[in-house]
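J.:
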Amino acid sequence: MPPHTPPTTPTSPNSAAPSPSNVHYELDFERPLTALEQQIAELENHDPTDGIDFTAEVRKLRQNHTRMLKKIYAGLNGANTVKVARHPGRPQGADYLRAFVKDFCELHGDRTFGDDRAILTGFGRIGPHKCMVIANNKGKDVRERLAANFGMPHPEGYRKALKKMKLAEKYGLPVVTLIDTPGAFPGIGAEERGQSEAIAVNLLEMSRLRVPIVAAVIGEGGSGGALGIGVADRFAMMQYAWYSVISPEACAGIVWKEANPTNNVAAAEALQLTAESNLKYGTIDHIIDEPLGGAHRNPSAASDSLEKWIIQTLRDLKRFKIDNLLKKRDERLRRQGSYIEVPV
Amino acid sequence: MTILNTVTQHDLRRHITNEPHGRSTLNTMAEPPPSSTPSSPPPSASSPTSAAAEKPAKPVTGKRTWQDVVETGKRADMPADLWMRCPSCSGMLYRPTLEQNKFVCPECNHHFRITGTQRAHMLCDPGSFEPMWDNLLPNDPLNFVDLVPYKDRLAQESKKTGRPEAIVAGKGFIKGRGVVVACMDSSFRMGSMGSVVGEVITRAIELATDQDLPLIIVCASGGARMQESTMSLMQMAKTSSALAKFDDAGGLFISVLTDPTTGGVTASFAMLGDVIIAEPKALICFAGPRVIANTVRQELPEGFQRSEHLVEKGFIDRVASRQDLRSEISRVIDYAGK
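Going down the list, the sequences are from chains A and B. Numbered continuously in numbering that gives the first Met the number 0, the first sequence closes out at residue 343. Numbered continuously in numbering that gives the first Met the number 0, the second sequence closes out at residue 337.
Now the structure itself:
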């Protein structure tokens with residue numbers, strides 16, 4: 000992360016074209032910044048012809064703003080990380096596909112039931128690497144979100160992903176998956192078409208897929224729904240993404256008996272769902288730095304950071320013989336978990 | 000003639016006393032005795048002494064009523080939990096008969112939930128089950144604290160069930176055929192899968208791979224264990240990866256699904272069986288009925304997510320009652336030539 004990136008407000012011209020949903024979206028813990036941002040905007044928009052120069056003031060305010068932003072984001076707790084990960088302005092799978100996957104050739108459908116828009120799959124080129132890209136998508140406006148089912152895949156999504164991975168295996172293309180889902184969809188149709196079977200088969204098949212697999216959680220990593228496309232040789236998380244066995248709200252509803260704001264915060268804390276905690280417990284391999292104040296403030300910097308990691312990792316993985324890679328993938332999974340073994 | 004029964008019925012213990020006139024009164028016990036919590040499955044045997052201790056204290060009224068009049072001696076000798084009520088057909092069941100019938104209601108074929116230990120011994124030839132990996136104990140890597148610290152919850156469950164974790168696994172014989180058996184224990188934290196359960200199942204798979212034995216996993220679980228967060232989640236990948244190698248080695252994996260098999264367990268090894276057999280009317284799902292009802296905001300169809308429904312939808316191979324399980328499994332083993 001560049002330490003002195005000038006912070007940009009969501010409405011500034013530096014950020015991606017703001018969609019209607021993210022213009023006025025404000026995270027509650029960022030409220031102290033809002034006044035400052037308004038002040039900066041006012042001074043910047045001041046008519047320069049009246050002879051008063053505010054450049055020095057603006058610079059000072061900006062420094063202040065950066066300092067506050069750093070302070071807020073340095074001590075970001077679990078619940079606030081979840082909020083950043085769900086920010087509507089945060090770049091999504093489709094944004095990253097546009098940003099750094101060159102010549103993306105989308106392949107639709109699972110050849111059995113349908114085409115799930117919550118998981119996009121297709122050939123693409125990332126840097127010098129030809130690969131199969133599998134990306135969760137949530138959608139930006141209401142129409143897109145409904146089509147993508149708010150990023151919650153159905154079984155056909157997982158089966159589509161597997162079909163395309165098999166295709167990649169056939170032609171020796173590495174697989175890159177970008178994970179951003181609150182979870183697999185819990186609905187009648189999903190159950191009747193075998194949500195659990197689809198995820199289970201993906202876990203098994205991905206663990207023995209004879210091409211390198213790189214996965215990154217770009218926003219939300221919700222439980223089995225995330226893992227269903229997340230068995231990989233290298234698994235990373237973006238700095239302000241979350242990854243856990245259950246969403247904090249669902250956890251609060253079960254363990255605390257009621258999902259209210261207080262319990263949700265406690266659950267998010269207890270679940271230790273941040274990138275930092277996951278790295279500590281060895282469930283992920285790497286944290287991809289985001290620009291100061293989260294990916295939604297500077298999507299292009301976030302996408303550069305992600306692209307760089309993917310290219311670097313693919314280059315590393317391509318050096319391995321595939322049998323060694325599979326062995327390493329297996330070892331990585333084999334050491335997961337924490338228990339006490341009493342000598343007998 | 001007086002009969003005194005203590006009836007266990009899931010979350011309610013009822014004390015039924017038949018008066019000499021044939022009228023009956025029903026007392027609900029405010030507090031169940033600590034030795035048998037409501038959710039725990041009925042213990043396999045209860046001695047008369049413990050039964051006496053479990054009896055509720057008689058209310059001191061001063062006035063004698065017909066209810067107090069019992070034939071001396073008979074009441075104290077009557078073991079508690081000797082009779083129980085079937086939650087499905089409400090029939091009164093004599094416990095020893097039920098035990099002989101493998102905890103299946105003889106009237107309505109309701110399959111009671113049983114513990115992992117009971118299951119393992121029931122499944123294997125008498126005396127042949129050899130437990131393994133009981134030296135693996137859970138720790139609390141996250142220092143998870145909700146309303147009660149996870150450590151305390153573990154200690155409590157361990158005291159209640161006498162087991163270190165929600166799994167009983169080892170080697171045994173089914174009708175003379177050597178097998179590796181892993182039985183999940185729904186009496187321990189609803190059989191949820193944490194690091195230990197995942198590890199034991201993985202070791203069982205590896206043992207079956209190394210010794211080329213058929214693998215039987217009896218699933219009974221509420222899913223991945225929340226208190227170990229992403230580490231429980233990774234057990235899904237760990238077990239599935241071990242199963243991939245077992246599959247590559249040509250192993251036979253029979254997955255037996257019992258009530259309930261849900262969440263992360265269904266979405267990993269439970270659904271990866273070469274042959275999947277389910278007990279009748281078992282709840283088998285990814286997301287529980289309540290979660291779905293909340294999502295779709297509509298009434299779920301009758302029998303949704305039960306074994307029979309899953310057979311209809313094509314996700315499990317057979318529904319077999321507990322009595323037939325051993326012969327079903329040995330038949331599959333024979334066909335597979337293992």
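C-beta atoms are modelled at their ideal positions from N, C-alpha and C, and glycine is treated no differently. Every value quoted in this text rests on a predicted model; they were computed, and no experiment measured them.
Taking Glu340/A as part of the beta strand (DSSP E), name the residues at either end of that continuous run.
T.: Mapped onto the first sequence, residue 340/A falls at position 341. That run of the beta strand (DSSP E) goes 338–340.
J.: DSSP three-state label for Tyr334/B, please.
T.: Looking up residue 334/B in the second sequence gives position 335. Note: Tyr334/B maps to helix in three-state DSSP.
J.: Using the beta-carbon count (16 or more within 10 Å), is Arg192/A buried or exposed?
T.: The sequence position of residue 192/A within the first sequence is 193, counting from 1. Under this definition Arg192/A is a buried residue.
J.: Residues in the same chain with beta-carbon distance under 7 Å from Glu248/A, minus the five sequence neighbours each way, listed in chain order, please.
T.: In the first sequence, the residue the question calls residue 248/A occupies position 249. The residues are Ala258, Asn263.
J.: Chain B partners of Arg207/A, CB-CB under 9 Å?
T.: Position 208 of the first sequence, counted from the start, is the residue given in the question as residue 207/A. Chain B residues near Arg207/A: Ser240, Ala243, Lys244, Asp246, Asp247.
J.: For Cys218/B, list the residues DSSP reports as bridge partners.
T.: Walking along the second sequence from the start, residue 218/B turns up at place 219. DSSP, once it has assigned bridges, lists Leu256/B as partnering Cys218/B.
J.: For Gln99/B, would you say it is in contact with chain A, using Cβ-to-Cβ distances shorter than 8 Å as the test?
T.: Start at 1 with the first residue of the second sequence, and residue 99/B comes out as number 100. By this cut-off, Gln99/B is not an interface position.
J.: Run through DSSP, which three-state label would Arg207/A get?
T.: The count along the first sequence starts at 1 and reaches residue 207/A at position 208. Of the three classes helix, strand and coil, the one that applies to Arg207/A here is coil, per DSSP.
J.: DSSP state of Leu212/B, grouped into three classes?
T.: Mapped onto the second sequence, residue 212/B falls at position 213. In this structure, Leu212/B counts as coil in the three-state DSSP scheme.
J.: Are the C-beta of Val22/A and some C-beta of chain B separated by less than 8 Å?
T.: Numbered from its first residue, the first sequence carries residue 22/A at position 23. Unreliable positioning characterises Val22/A in this predicted model, as indicated by a pLDDT of 49, which lies under 50. The coordinate reading is nonetheless provided below. Taking Cβ atoms only, chain B never reaches closer than 8 Å to Val22/A, which makes this a no.
J.: Within the chosen definition, does the segment 170–189 of chain B reach the segment 123–138 of chain B through at least 3 CB pairs nearer than 8 Å?
T.: Touching, yes.
J.: When the cut-off is 8 Å and only beta carbons count, does Thr111/A lie next to chain B?
T.: Along the first sequence, read from residue 1 onward, the residue named residue 111/A stands at position 112. Thr111/A does not count as touching chain B.
J.: May I ask which residues mark the beginning and end of the alpha helix (DSSP H) holding Phe99/A?
T.: Taking the first residue of the first sequence as 1, we reach residue 99/A at position 100. Note, Phe99/A: alpha helix (DSSP H), 92–99.
J.: Helix, strand or coil: which one does DSSP assign to Lys101/B?
T.: Here residue 101/B is taken as the residue at index 102 of the second sequence, counted from 1. In the structure shown, Lys101/B sits in coil (DSSP, three-state: anything other than H, G, I, E or B).
J.: Hey, how far is the Cα of Asn100/B from the Cα of Glu205/B?
T.: The residue given as residue 100/B occupies position 101 in the second sequence. The residue given as residue 205/B occupies position 206 in the second sequence. Each residue's Cα considered, the two are about 33 Å apart.
J.: Go to Tyr242/A, then tell me how far its beta strand (DSSP E) extends in each direction, as first and last residue.
T.: Against the first sequence, residue 242/A aligns to sequence position 243. Segment 241–243, the beta strand (DSSP E) holding Tyr242/A.
J.: Beta-carbon of Gly115/B versus every beta-carbon of chain A: anything under 8 Å?
T.: Working through the second sequence from its first residue, we reach residue 115/B at position 116. By this cut-off, Gly115/B is not an interface position.
J.: In the DSSP assignment, the beta strand (DSSP E) including Cys130/A goes from what residue to what residue?
T.: For this step, residue 130/A is matched to residue 131 along the first sequence. Run containing Cys130/A: 128–135, per the beta strand (DSSP E) assignment.
J.: By how many angstroms is the C-alpha of Ser243/A removed from the C-alpha of Leu272/A?
T.: For this step, residue 272/A is matched to residue 273 along the first sequence. For this step, residue 243/A is matched to residue 244 along the first sequence. Going from the Cα of Leu272/A to the Cα of Ser243/A covers about 5 Å.
J.: Residues in its own chain within less than 6 Å of Arg328/A by CB, not counting five upstream and five downstream?
T.: Stepping through the first sequence from its first residue, residue 328/A is reached at position 329. Contacts found: Asp232.
J.: Taking C-alpha atoms, which residue in Ile166/B, Phe143/B, Gln155/B lies nearest to Arg118/B?
T.: Taking the second sequence and counting its residues from 1, the one referred to as residue 118/B is at position 119. It is Ile166/B.
J.: Thinking C-beta only, is Lys137/A closer than 8 Å to Ala146/A?
T.: Locating residue 146/A in the first sequence gives position 147, counting from the first residue. Locating residue 137/A in the first sequence gives position 138, counting from the first residue. Cβ distance not < 8 Å, so Ala146/A and Lys137/A don't count as in contact.
J.: Let me know the beta strand (DSSP E) ranges lying completely inside the segment 266–307 of chain B, each 3 residues or longer, listed in chain order.
T.: Listed in chain order, the complete beta strand (DSSP E) runs (minimum 3 residues) inside the segment 266–307 of chain B are 274–277.
J.: In chain A, what lies closer than 8 Å to Phe285/B by C-beta?
T.: What you label residue 285/B is simply residue 286 of the second sequence in a count that begins at 1. Under the 8 Å cutoff, chain A gives Ala183, Pro185, Ala189, Glu190, Gln194, Ser195, Ile198, Gly223.
J.: Run through DSSP, which three-state label would Gly221/A get?
T.: The residue labelled residue 221/A in the question sits at position 222 within the first sequence. Looking at Gly221/A - three-state DSSP - the assignment turns out to be strand.
J.: When we look at the beta-carbon of Cys182/B and count the other beta-carbons within 10 Å, is it buried (16 or more) or exposed?
T.: Walking along the second sequence from the start, residue 182/B turns up at place 183. Classification of Cys182/B: buried, given that the 10 Å Cβ count is 16 or more.
J.: Using only CA atoms, which one of Val144/B, Lys237/B, Asp211/B, Gly313/B lies nearest to Met225/B?
T.: Working through the second sequence from its first residue, we reach residue 225/B at position 226. The candidate whose alpha carbon is nearest that of Met225/B is Val144/B.
J.: For a test of the three-state rule: what should DSSP assign to Trp132/B, helix, strand or coil?
T.: Within the second sequence, numbered from 1, the residue matching residue 132/B stands at position 133. Coil at Trp132/B, not helix or strand.
J.: Using the beta-carbon count (16 or more within 10 Å), is Arg97/A buried or exposed?
T.: Taking the first sequence and counting its residues from 1, one reaches residue 97/A at position 98. Flag for Arg97/A reads exposed.
J.: Compare the C-beta of Cys250/A with all C-beta atoms of chain B and state if any pair is closer than 8 Å.
T.: The sequence position of residue 250/A within the first sequence is 251, counting from 1. So, interface residue.
J.: Per DSSP, what kind of secondary structure is Glu56/A in: helix, strand or coil?
T.: On the first sequence, position 57 is the one that residue 56/A refers to. Helix.
J.: Val195/B and Leu136/B - do their beta-carbons sit closer together than 8 Å?
T.: Along the second sequence, read from residue 1 onward, the residue named residue 136/B stands at position 137. Along the second sequence, read from residue 1 onward, the residue named residue 195/B stands at position 196. The answer is yes: Cβ separation under 8 Å.
J.: Please say whether Pro259/B and Val318/B have beta carbons closer to each other than 8 Å?
T.: In the second sequence, residue 318/B corresponds to position 319, counting from 1. In the second sequence, residue 259/B corresponds to position 260, counting from 1. Taking 8 Å as the Cβ cut-off, Val318/B and Pro259/B do not qualify as a contacting pair.
J.: Can you give me the C-alpha to C-alpha distance between His285/A and Glu219/A, rounded to a whole angstrom?
T.: As a first step, residue 285/A must be located in the first sequence, where it is residue number 286. As a first step, residue 219/A must be located in the first sequence, where it is residue number 220. Rounded to whole angstroms, His285/A to Glu219/A spans 16 Å at the Cα level.
J.: What is the rounded straight-line gap between the Cα of Gly177/B and the Cα of Ser326/B?
T.: Reading the second sequence from its first residue, position 178 is the one you call residue 177/B. Reading the second sequence from its first residue, position 327 is the one you call residue 326/B. Taking the straight line joining both Cα atoms gives about 14 Å.
J.: Does the Cβ of Pro274/B have 16 or more other Cβ atoms within 10 Å, making it buried, or fewer, making it exposed?
T.: Mapped onto the second sequence, residue 274/B falls at position 275. It should be noted that the sequence gives Val, not Pro, for residue 274/B. Buried.
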